[in-house]
Structures are given as structure tokens and as C-alpha cells.
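Visitor: Mind having a look at this structure? Questions to follow.
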Amino acid sequence: MSQTVSVRNLSLALGGKKILHELDLEVPAGSLVTLLGPSGSGKSTTLNVIAGFLSPDSGEVAFGGRDVKALPPGARNLGIVFQNYAIFPHMTVGANVGFPLKAQHWRGDHKRRVRDMLELVQLGGFEARRASSLSGGQQQRVALARALAAEPQLLLLDEPLSALDKQLREAMQAEIKQIQRRVGVTTISVTHDQSEALSMSDLVVVMNEGRIDQCGTPEEMYCRPRSEFLARFLGEVNLLPIDATGHIEPFGTGVSAGGGQLAAVRPESFSVLPWTPVRSSGIAQGRIVAVLFQGGTCRLEVAVPALEENLIVRTAYSGLGSVPTVGDDIAVGLTGHDVHVVALSKVADSAPALQLT
Amino acid sequence: MSNERTLTPFQSTFRGGRVPFMILGVVFAVYLFAPMAVTIPASLTSGEFLEVPPDGLSLRWYEEVFDDSKWLDALVTSFQVSGSAAILATVTAFLAVTGLARSRRWGGTLRPLFFLPMVLPIVVLALGLSRVLLMLGMQTSFGAVVLGQALLGLPIAFIAISAGMVGIDPAIHRAAASLGSTWWRTVFTIDLPLLKQSVFGALILSFAYAFDEAVLALFLAPTGQTTLPTLLYQEASFRASPLLASVSGLVILLTCAIAALALVINRALGRRAQ
Chain R
52 MSQTVSVRNL SLALGGKKIL HELDLEVPAG SLVTLLGPSG SGKSTTLNVI
102 AGFLSPDSGE VAFGGRDVKA LPPGARNLGI VFQNYAIFPH MTVGANVGFP
152 LKAQHWRGDH KRRVRDMLEL VQLGGFEARR ASSLSGGQQQ RVALARALAA
202 EPQLLLLDEP LSALDKQLRE AMQAEIKQIQ RRVGVTTISV THDQSEALSM
252 SDLVVVMNEG RIDQCGTPEE MYCRPRSEFL ARFLGEVNLL PIDATGHIEP
302 FGTGVSAGGG QLAAVRPESF SVLPWTPVRS SGIAQGRIVA VLFQGGTCRL
352 EVAVPALEEN LIVRTAYSGL GSVPTVGDDI AVGLTGHDVH VVALSKVADS
402 APALQLT
Chain Z
32 MSNERTLTPF QSTFRGGRVP FMILGVVFAV YLFAPMAVTI PASLTSGEFL
82 EVPPDGLSLR WYEEVFDDSK WLDALVTSFQ VSGSAAILAT VTAFLAVTGL
132 ARSRRWGGTL RPLFFLPMVL PIVVLALGLS RVLLMLGMQT SFGAVVLGQA
182 LLGLPIAFIA ISAGMVGIDP AIHRAAASLG STWWRTVFTI DLPLLKQSVF
232 GALILSFAYA FDEAVLALFL APTGQTTLPT LLYQEASFRA SPLLASVSGL
282 VILLTCAIAA LALVINRALG RRAQ
């Protein structure tokens with residue numbers, strides 16, 4: 052049921068503008084891979100090529116080693132969840148989920164399959180409801196059940212959660228992940244929401260200007276971004292200058308890097324220390340200029356005289372009365388262990404082919 | 032609800048324009064209904080001439096209509112011809128709209144062609160069709176009238192159904208295609224149910240247009256038989272009898288009944304679609 056998806060050397064121009072540049076992508080069987088990127092990065096185009104709605108100018112798309120380029124979307128044995136659900140509004144929930152079974156002449160008990168799929172998405176007993184009468188979150192579930200009904204070899208999610216409110220979105224992220232794991236279907240998701248990409252995926256593929264910038268597990272992508280663009284794109288980051296002797300300004304923390312590179316430090320990697328007038332290695336003195344209490348954590352902006360931009364520091368919340376106040380003088384600590392060095396340049400010119408398997 | 036105190040700020044911005052709008056509305060209503068207000072009294076005259084105010088009241092001209100079978104024959108013929116034409120136009124327009132929606136490239140290129148019959152003078156079309164019949168060695172027939180009327184009704188039906196198609200999320204078609212649906216399955220299980228109100232509207236509009244059309248039957252109807260508007264036209268050019276008004280009165284009555292029925296059906300279709 053689950054199959055690898057491989058895309059090789061994919062190029063596509065639309066209206067004279069090159070959208071995809073020799074794209075290579077290997078999606079392991081049964082994994083959930085997220086294509087992440089700003090709008091216009093080519094992520095949706097890639098999904099449409101894989102689905103068969105667009106045919107590439109050159110390159111190859113294969114499911115489980117079989118070239119599918121000549122097949123129309125309906126013959127590719129896939130399920131797609133669209134951004135606005137694309138539920139058939141005039142049909143009942145049961146008819147929506149049963150639609151691919153009828154269309155593909157699925158062998159087996161259709162009624163039972165529909166019931167099972169609705170139970171999978173926690174809509175058991177909703178068969179006779181009119182699809183258009185459901186809430187957004189419920190329509191999303193119907194769309195998922197419909198996409199999975201005919202046992203697709205590939206599930207495509209096109210910005211599946213962007214139309215939901217924040218709380219529902221987070222709940223659905225966990226649920227989609229869980230259902231995907233239970234069904235075991237290879238899944239490619241497209242999103243511009245970096246927290247969705249980090250929390251749902253086995254692998255994250257960051258795209259920019261029709262190329263793949265970097266690809267890896269969510270943790271790798273967060274901790275070891277390959278470029279300044281990637282560091283900024285996935286979560287908040289402080290980018291600190293490194294002097295010629297390999298010391299991070301103004302901490303003096305030593306790293307094995309030189310000019311032309313930046314130290315990327317995540318806000319939670321700093322430690323907040325009581326203010327001390329003594330200058331020592333690994334410590335910078337500053338003043339808190341903004342405090343954002345976010346529940347479990349506090350986000351501080353700290354003005355440090357030697358830096359143009361304020362440091363962004365995230366501290367764990369440790370009980371009543373522990374939220375710092377604006378105007379406090381503090382010291383910020385940094386150890387070399389928490390530093391990742393990135394190139395100054397915005398985007399590397401050529402993204403190497405990715406081998407994920 | 033119409034209490035002025037409950038008006039939203041947006042609604043209240045229109046308050047200043049209310050009086051001119053009402054005057055405009057009344058003027059339009061008078062303009063639209065004046066012909067009927069003249070026709071119906073004129074049909075009730077007991078005199079010999081078409082005149083307003085009528086010369087005495089009687090139903091004699093209505094009796095005359097029912098006494099002469101040619102009027103009923105023409106009415107039945109009109110229904111058959113215009114009904115066939117409306118069905119032909121609507122089916123063609125429906126297939127055209129669903130077909131063009133599938134291809135952005137062809138859709139953009141071919142769409143204007145469906146409006147061409149609108150700019151064609153009807154006399155030219157009628158003459159052209161009769162020439163073609165002649166060339167093919169065929170007699171004038173109601174089939175040719177149906178064809179001509181369907182062609183004239185096509186743009187109207189096309190616009191009505193296209194308007195409905197705009198309301199359908201294109202992702203729905205892509206979803207159906209990705210789920211393995213053939214084109215025919217998508218057309219009959221998704222497009223047709225979602226567009227049924229527009230299709231019904233297209234049917235009514237193209238029928239109304241065809242029912243009113245007199246020129247085609249004048250050129251193309253078989254000798255001795257004709258449709259109602261053409262018969263009226265022929266009678267009118269012959270003499271200005273109150274008979275014309277009484278036939279018109281009956282047609283107005285019939286039209287009102289059909290319009291009411293159409294409204295009921297359309298609401299029933301809409302209710303089930305929700």
C-alpha cells in the first residue's frame with residue numbers, strides 16, 4: 052500500500068517563468084514529508100505535478116519505481132485533501148466518502164468501508180448528514196476520510212489546515228499524524244506554516260524559488276540550518292557576527308569559524324543570569340526592553356550595547372513572580388555548544404540532490 | 032426590521048437616495064406594466080375595434096378565440112416548438128459550460144463563440160436556414176424552426192449556466208478527478224446536481240425567448256401551420272381586431288401561471304440543494 056515517491060530532475064515553466072529548477076526529491080514509503088516554503092517557492096506546483104494536474108517540461112515522477120507521468124490524476128491511486136476541503140456540498144457525508152469507491156469500482160463492502168473510514172476520523176454515525184451542514188473541522192475530517200477511502204498509495208495534503216483556527220489546527224495536526232501513521236500511507240504535505248511542518252513531519256523539505264534549500268528531520272532542520280534563510284525561516288533566531296579570531300560578538304564565546312559567517316542561536320539556547328558588572332567570556336550584559344509572557348515561557352528582547360538588533364531570549368517560566376520586568380539589567384549567557392554557524396549569503400546557489408533513504 | 036432605528040450605518044448611507052430610487056422604481060413599473068394595462072381592457076370590449084377605453088364590456092372576443100381552433104393549434108405548436116428548442120439550447124449550453132470549464136485554454140478561446148448568435152440579425156438567420164434547407168432539397172418544417180430557435184436561445188442558456196458554474200469551487204472538479212471519477216460521472220453526479228437551479232433557469236429563459244419569437248416561423252414553418260406569435264403577427268397585419276388583445280390576454284394569463292410554477296419549482300430545487 053505505501054510506496055516510495057521519487058521525483059527526478061523536475062523542471063517546469065509556466066507562462067515563460069521558470070517555476071521549478073531540476074528538482075530532486077525522494078519520499079520514503081510510509082513517511083510524512085512536508086514541503087515548506089514561502090508563497091511562490093514552487094511547493095504547490097510540485098504537489099500538482101505529483102498529483103498529475105500539471106505535466107512537467109522535463110523530469111520524472113515515479114511511484115514505487117513505476118513512472119506515472121503518462122497517468123491522469125484519477126489513475127494514480129492517490130487521495131488529496133484540498134485547502135478548502137472541496138467537499139461535494141450536495142451529497143451526504145456517506146456519499147462523499149463513498150464517491151472514490153464508486154468511481155474506482157472498489158472491490159469490497161462499500162457501506163462498511165465508509166463506516167470504517169468515518170470512525171477513523173471520529174465521525175462515526177455521520178453518514179446521513181449533509182456535508183455542507185458540517186463545521187470546518189468536520190468537513191476537513193470528511194475530506195481526509197474521502198481521500199483515504201479507496202486505499203490510495205499516496206496521500207497529498209494541500210495546505211490542509213490553513214482554513215482552521217489555531218486551536219483546531221493544532222489538534223488536527225496531531226490527529227492527521229496519528230491517522231497517517233496508523234494507515235501507513237506515504238504522505239506529502241504542503242504548507243507555509245513552519246510550526247505545522249515541524250510538528251507533523253518525519254521529514255521537512257524547505258523550498259525557495261523553485262529549488263530545494265534543505266531537507267532533513269524537523270530537529271535537524273531546526274538545529275542545523277544550512278543557510279541564513281533557513282535559520283530565519285524555521286522559528287526565531289538570533290544571528291550574531293563572528294570576528295576574525297572566531298569569537299562571537301559580544302559574548303566572546305569561541306567557535307571554529309571565521310569572517311563571512313554568522314552564529315545562529317535559538318532564543319531558548321541563552322541562559323538568563325543575574326546582572327554582573329564583571330565582563331567575562333560567554334556573558335553579555337544588557338537591558339530588557341520587551342517582555343512577552345507566553346504561558347510556559349517568557350520571550351524577552353534584550354538590548355545589548357554592542358549589537359544593532361536586540362537579542363531575543365526565551366526563558367522557561369518558573370512560577371509566580373518570576374516574570375522579568377522591562378528595564379531590568381541582566382546578563383545573558385551563551386556556551387559554544389548551543390551555537391550553529393551559517394553562511395552569510397542568503398541562499399546557496401545550488402542545492403545538492405537529497406538522499407533521504 | 033425595517034424600523035429606521037435598527038438600520039446599520041451601511042444601510043443608513045442609502046437613506047438620502049430613497050425618494051429618487053422610489054420614483055425611478057415607479058416609473059419603471061409603469062413602463063413595464065402599461066402595455067398589459069392597455070391590452071386587457073381592450074380585450075374586454077364589446078365593440079368591433081381595438082380601442083381603449085373599451086366600448087362596453089363583454090367576453091365575446093374570448094369566446095371567439097375558443098371557437099376558432101387555429102389559435103389553440105398555434106398555441107400547442109408554439110409549446111412543442113419552443114419547448115424542444117429550449118431543451119436543445121439548454122442541453123447544448125450545459126455540455127458547453129461543463130466542457131469549457133475543464134480547459135482554461137480552450138475555455139477562453141471558445142467562450143465568445145457562444146455569444147455570436149446574439150449579434151446575428153434573426154432575419155438573416157431565418158433566410159440562411161431556409162436557403163440551407165433548399166440546398167439540401169428539404170421542405171420547410173418545424174424542425175428547422177426548432178433548430179433556429181435553439182440557436183437563438185443558446186447564448187441565454189449559456190450565460191445562465193455559466194453564472195452557476197462560477198459559484199462552484201474549481202477544487203471540486205480536481206477532487207473528483209483525483210478520486211478517479213470519469214468526466215461523465217463528474218458531469219452527472221456533481222455538475223448537474225450543483226447546477227440544477229441554473230439549468231432550470233436556462234430552460235425557462237430560453238423557452239420564454241423562443242416562445243416570443245415570430246420571424247423564424249414566418250420563414251420556415253410548413254405552409255398552413257404556424258406558431259402563436261407568427262399567427263398573431265399575420266392577423267395584426269390583416270386587421271386590428273380586439274381578437275389580438277384577447278389572445279394576448281390569454282397568453283399573459285398563461286405566462287403568469289408558468290412563472291408562478293417556475294418560481295415554486297426553483298425554490299424547491301434550491302431548498303434541496305442546501
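Chains R and Z, in that order, are what the protein sequence lines are. For the first sequence, the numbering used here assigns the number 52 to the initial residue and increments by one for each residue that follows. For the second sequence, the numbering used here assigns the number 32 to the initial residue and increments by one for each residue that follows. A virtual CB, placed ideally from N, CA and C, is assigned to each residue, including glycine.
(1) Between the Cα of Ile138(R) and those of Thr213(Z), Leu225(Z), Thr254(Z), spot the shortest distance and give me the residue it belongs to.
(2) For Leu86(R) versus Val241(R), is the C-beta distance shorter than 9 Å?
(3) At what residues does the alpha helix (DSSP H) containing Ser246(R) begin and finish?
(4) Cβ of Leu74(R) within 9 Å of Cβ of Gly93(R)?
(5) Per DSSP, what are the beta-bridge partners of Leu206(R) in this structure?
(6) Quick one, which residues of the segment 53–76 of chain Z are near chain R if we go by CB-CB under 7 Å, in chain order?
(7) With which residues is Tyr136(R) paired in a DSSP beta bridge?
(8) Once DSSP output is grouped into helix, strand and coil, what is the label at His156(R)?
(9) Excluding the five sequence neighbours on either side, which residues of its own chain have a C-beta within less than 8 Å of the C-beta of Val176(Z), listed in chain order?
(10) Of the residues Glu95(Z), Gln180(Z), Val122(Z), which one's Cα is nearest the Cα of Tyr240(Z)?
(11) Against chain R, does Ile192(Z) count as a neighbour if the rule is that its beta carbon must be under 9 Å from one of theirs?
(12) For the candidate residues Gln228(Z), Leu285(Z), Phe269(Z), Ala267(Z), whose alpha-carbon lies nearest to that of Leu300(Z)?
(13) Classify Thr55(R) as buried or exposed, calling it buried when 16 or more other Cβ atoms lie within 10 Å of its own Cβ.
(14) Is Ser212(Z) close to chain R? Criterion is C-beta to C-beta, closer than 9 Å.
(15) Among the candidates Ser90(R), Gly67(R), His72(R), Pro79(R), whose CA atom is the shortest distance from the CA of Phe284(R)?
(16) Report the option in His391(R), Leu371(R), Leu351(R), Val393(R) whose CA atom is closest to the CA atom of Asp380(R).
(17) My understanding is that Val132(R) touches Glu178(R), with C-beta atoms under 8 Å, so please give their C-beta distance in whole angstroms.
(18) Is Pro124(R) close to chain Z, meaning its C-beta is less than 9 Å from at least one C-beta of that chain?
(19) Taking C-beta pairs closer than 9 Å, name the residues in chain R that Leu225(Z) reaches, listed in chain order.
(20) DSSP state of Arg117(R), grouped into three classes?
(21) Of all the residues that make up the segment 88–106 of chain R, which are near chain Z by a beta-carbon distance shorter than 7 Å?
(22) Would you say Phe114(R) faces chain Z, with C-beta separation under 9 Å as the test?
(23) Who does Leu83(R) pair with in a DSSP beta bridge?
(24) Going by beta carbon distance, what residues of the same chain come within less than 7 Å of Ala127(Z), once the five residues before and after it are set aside?
(25) Less than 9 Å between the C-beta atoms of Ala191(Z) and Ala124(Z), yes or no?
(26) Could you tell me which of Ala295(R), Pro318(R), Val323(R) sits nearest to Gly311(R), measuring between CA atoms?
(27) For Pro375(R) and Arg365(R), what's the separation of their Cα atoms in angstroms?
(28) Does the distance from the CB of Gln155(R) to the CB of Gly115(R) come in under 9 Å?
(29) Per DSSP, what are the beta-bridge partners of Asp380(R) in this structure?
(30) Is there a C-beta anywhere in chain Z that falls below 9 Å from the one on Phe302(R)?
(31) Under a CB-based cut-off of 9 Å, is Leu395(R) close to chain Z?
(32) How about the segment 93–106 of chain R and the segment 265–277 of chain R: do they share at least three Cβ pairs that are nearer than 8 Å?
(33) Have a look at Leu234(Z) and Tyr62(Z) and give me their C-alpha separation to the nearest angstrom.
(34) Short of 8 Å in beta carbon distance, which residues of its chain neighbour Ser53(R), apart from the five on each side in sequence? Order them along the chain.
(35) By the criterion of Cβ-Cβ separation under 7 Å, what are the contact partners of Ala206(Z) in chain R?
(36) Classify Thr304(R) as helix, strand or coil using the three-state DSSP reduction.
Guide: So, to answer that:
(1) Nearest Cα to Ile138(R) within the set Thr213(Z), Leu225(Z), Thr254(Z): Leu225(Z).
(2) yes
(3) Run containing Ser246(R): 245–251, per the alpha helix (DSSP H) assignment.
(4) Contact flag set, yes.
(5) Answer by DSSP bridge pairing, in chain order: Gly130(R), Thr238(R).
(6) none
(7) Phe133(R)
(8) coil
(9) These residues qualify, in order along the chain: Val112, Ala116, Leu247, Ala248, Leu251, Ala252, Thr258.
(10) Gln180(Z)
(11) no
(12) Out of Gln228(Z), Leu285(Z), Phe269(Z), Ala267(Z), the CA that lies nearest to the CA of Leu300(Z) is found in Gln228(Z).
(13) buried
(14) By this cut-off, Ser212(Z) is an interface position.
(15) Ser90(R)
(16) Leu351(R)
(17) That belief does not hold up - the Cβ atoms of Val132(R) and Glu178(R) are roughly 20 Å apart, past 8 Å.
(18) yes
(19) Phe139, Pro140, His141
(20) strand
(21) Ala102, Phe104
(22) no
(23) Thr238(R)
(24) If you ignore the 5 residues before and after Ala127(Z), its C-beta comes within less than 7 Å of the C-beta of Phe145, Phe189, all in its own chain and listed in chain order.
(25) yes
(26) Ala295(R)
(27) 11 Å
(28) The answer is no: Cβ separation not under 9 Å.
(29) Arg338(R)
(30) no
(31) Interface annotation, Leu395(R): not in contact with chain Z, CB-CB separation never under 9 Å.
(32) no
(33) 27 Å
(34) Ala80, Gly81, Gln204, Gly235, Val236, Thr237
(35) Ile131, Phe133, Ala137
(36) strand
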